[in-house]
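>
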Amino acid sequence: MKTSNLLLATTRETPSDAVVISHQLMIRAGMIRPLAGGLYNWLPLGLRVLRKVEAIVRQEMNRSGAQEVLMPLVQPLELWQESGRDQDMGQEMLRFTDRHDRPFVLGPTHEEIITDLVRREIRSYKQLPINFYQIQTKFRDERRPRFGVMRSREFIMKDAYSFHLSRESLQETYEVMHQTYSQIFNRMGLNFRAVQADTGAIGGDGSHEFHVLADSGEDDIAICQNSGYAANVELAEAIAPSQSRSAPGQNLEKIATPKQHTIEEVSAFLQQPYQKILKTLLVKGADPAQPIIALVLRGDHELNEIKAEKHPLIAAPLTLVNENEIFAAIGCNAGSIGPVGLPIPIICDRAAAVCADFVCGANQDGFHLQGVNWERDLPLPSTFDLRKVVAGDPSPCGQGPLSIFKGIEVGHIFQLGNKYSTALNATVQNENSRAQVLEMGCYGIGVTRVVAAAIEQNHDERGIIWPDALAPFQVCIVPMQMHKSPRVAEAAQTLYQALLAQGVEVLLDDRSERPGVMFSDMDLIGIPHRIVISERGLDNGLVEYKYRREPQAEEIPHADFMAFLTQRLSEGAR
RNA sequence: CGGAGUAUAGCGCAGUCUGGUAGCGCACCUGUUUUGGGUACAGGUGGUCGGGGGUUCGAAUCCCUCUACUCCGACCA
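This is the structure:
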């Protein structure tokens, strides 16, 4: 490809509404253009990258034994009513009617469709296990699309669905998908982690998310560097403290703390560290007889809502009690609650349970208690893992401390069990000629999101730095003064043709632009391998080569150049 | 969905308070210049000032209304 034939729609300025770097760079590099909220046109350069991602996904899915299908974006609402998810999806699913007034939806996902297909086509256990996938557009009417293609309304997803007679078979395919996903993201050259994930409302035995590590990620991931343990912070267990509680050393004392509410304020006022102060949060209870439950955590710890709502006494979804209800129940405001003498059930985080001589609210505005000790001043309540893990916590694997990283979720694999197959009555005949409900797994990759995530992880102040496997072109040729120098023009053309003949994806910048413009554009769009052809180089029998990721260019003797470049290209593709 | 904000040339913005000839930078076109990191000069194209309604001799500017977009929050494979 020559730049004269390519819509190289680079811009110097960043649109003001793009806040994350990938969104800014995708627009500046001319990969995408916004059409409407959460909807984007993919320009030629961006589409080349998107196709790279798809190709790798497709190859590896095929290699895993999965079969590609294509299911409609438009789906009858009826199937969603049959599965019961019509209600669950709510406004996120775009609904409309056709000319005959029949209700349809734009598919936010395809579990219902594939399950319907399978119940019609798969009759015998002998056809199992089977795994179908597609690379298809989804539409989710996000409340708030943002971050460009990272969270858009229309996006491309690879989704796969496997069907099994047994849990064991499902587990096997799940493992295969786990390996396949690792292979996919490795081939893409991304720094990622497979992390244990919450299975959410669907339940089931296992779920892993695949996260690309990047500071701009929306999710927190706890990683143990020693063992490779990785879990979403939502899930990561804060293991019980190994040290036991110290003996009481102070007397219980009630202190006036006028207008001190937050942990920060109380800490400064009483000159006590955060971890000596316990906070008490009131949440709604699951049992109407116990409508309010108190949760006690150390001041430096944060409540993990996902964990908390798994407690049988706590209502799910977790709901904090509002100020009015707090005052009605306790007689003070939120910043002054404490566990001492509290007339409602108390659940204490395990770390808070080993605190001694701590500070807490006195259940009276303007007062705190100091020198409080469990079992001496109040009974030790039941304990539970309520908090989010923090960096430095011991890992549940027992092999070292946890670090916290930010991640962008690009893949999710899930053992669904029989939720959809039961709802839609997807069965096969088993060996005993009896109808048996299928076990099901689902496996997604956010194809468009991968493109953005790759940029989040690979960029500098000049622009994108594509991993070789995702780059829209492998090589760019930047000739100096090509339009004035027949020698340069000829050398550039010769090299261009030679690379094309070898099947290298090469972009020749044949524009009559200043060198600075060409360099800036090539850096911005992130072509990994850059070759500069100049009079100066030709005079000395040298060709300049620069790898986008490296700071320095090198001069290579002309005679050795093709071999050199071939070597560099194979290293990049490694 | 709650809160806040924005809408003026393809992009980024000023002008709005205090009504009176629609501007700047980038981009684009012409020409000259320059040629190893977004060059310089000169000239030029491009606008229903988001839509509708109102006030006024006169509205980008004041009032009403609608729409779209963005940010924060809540939510989320």
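Quick note: the first sequence uses the working numbering, first residue 1406, plus one each step. Note that CB positions come from ideal geometry on N, CA and C, so glycine has one too.
Rounded to whole angstroms, what's the CA-CA distance from A1602 to D1798? Just pull it up for me.
19 Å
> Going by DSSP, name the residue or residues bridged to R1500.
Beta-bridge pairing links R1500 to V1510.
> Can D1546 and L1484 be called in contact, C-beta distance under 7 Å?
In this structure, D1546 sits away from L1484, with a CB-CB distance that is not shorter than 7 Å.
> Quick one: which unbroken beta strand (DSSP E) runs of 3-plus residues sit fully inside the segment 1721–1799? Chain order, please.
Those beta strand (DSSP E) runs which fall completely within the segment 1721–1799 and span 3+ residues are 1751–1754, 1763–1766, 1772–1777, 1787–1789.
> Under DSSP, the beta strand (DSSP E) around A1627 begins and ends at which residues?
Looking at the DSSP string, the run of the beta strand (DSSP E) that includes A1627 is 1624–1629.
> Tell me the residue span of the alpha helix (DSSP H) that contains P1891.
1891–1906
> Please classify A1858 as buried or exposed, where buried requires at least 16 neighbouring CB atoms within 10 angstroms.
buried
> Along the beta strand (DSSP E) that carries Y1848, what are the first and last residues, could you check?
1844–1851
> Which residue wins for smallest C-alpha separation from F1674, given the options V1764, R1463, L1702, W1871?
V1764
> In the DSSP assignment, find the unbroken beta strand (DSSP E) run with V1464 in it and report its ends.
It should be pointed out that residue 1464 corresponds to Gln in this sequence rather than to Val. Element bounds for Q1464: not the beta strand (DSSP E) but the alpha helix (DSSP H), 1449–1468.
> For I1870, collect the residues of the same chain with a Cβ closer than 7 Å to its Cβ; drop the 5 residues on either side in sequence, then sort them by chain order.
N1863, H1864, G1931, R1953, R1954
> Quick one: is P1806 buried, meaning 16 or more other Cβ sit within 10 Å of its Cβ, or exposed?
Answer is exposed; the Cβ neighbour count stays below 16.
> CB-CB under 8 Å to I1426, same chain, minus the five flanking residues each way: which ones, in chain order?
S1621, I1860, E1861, H1864
> Taking just the CA atoms, how far does K1793 sit from L1708?
6 Å
> Between which two residues does the alpha helix (DSSP H) containing H1817 stretch?
Run containing H1817: none in the alpha helix (DSSP H); it sits in the beta strand (DSSP E), 1807–1822.
> What do you get for K1684, buried or exposed, if any count of 16 or more other CB atoms within 10 angstroms of its CB means buried?
K1684 counts as buried, since no fewer than 16 other beta carbons sit within 10 angstroms of its beta carbon.
> Considering only residues of the same chain and omitting the five flanking positions on each side of L1455, which have a CB-CB separation below 8 Å?
W1447, I1561, V1852, T1853, V1856
> Ordered along the chain, which non-local residues of its own chain (more than five positions away) have a Cβ less than 7 Å from that of D1521?
L1484, L1829
> Rounded to whole angstroms, what's the CA-CA distance from G1495 to D1506? Just pull it up for me.
20 Å
> Buried or exposed: which applies to F1501, given that a residue is buried once 16 or more other Cβ atoms fall within 10 Å of its Cβ?
exposed
> Using a threshold of 7 Å, state whether the C-beta atoms of P1653 and N1778 are closer than that.
yes
> Excluding five sequence neighbours on each side, which residues of the same chain lie with their C-beta closer than 8 Å to the C-beta of E1497?
P1513, R1545, D1546, E1547, R1548
> Short of 8 Å in beta carbon distance, which residues of its chain neighbour V1424, apart from the five on each side in sequence? Order them along the chain.
Short of 8 Å from the beta carbon of V1424, and not among the five residues preceding or following it, lie these beta carbons of its own chain, in chain order: R1551, F1552.
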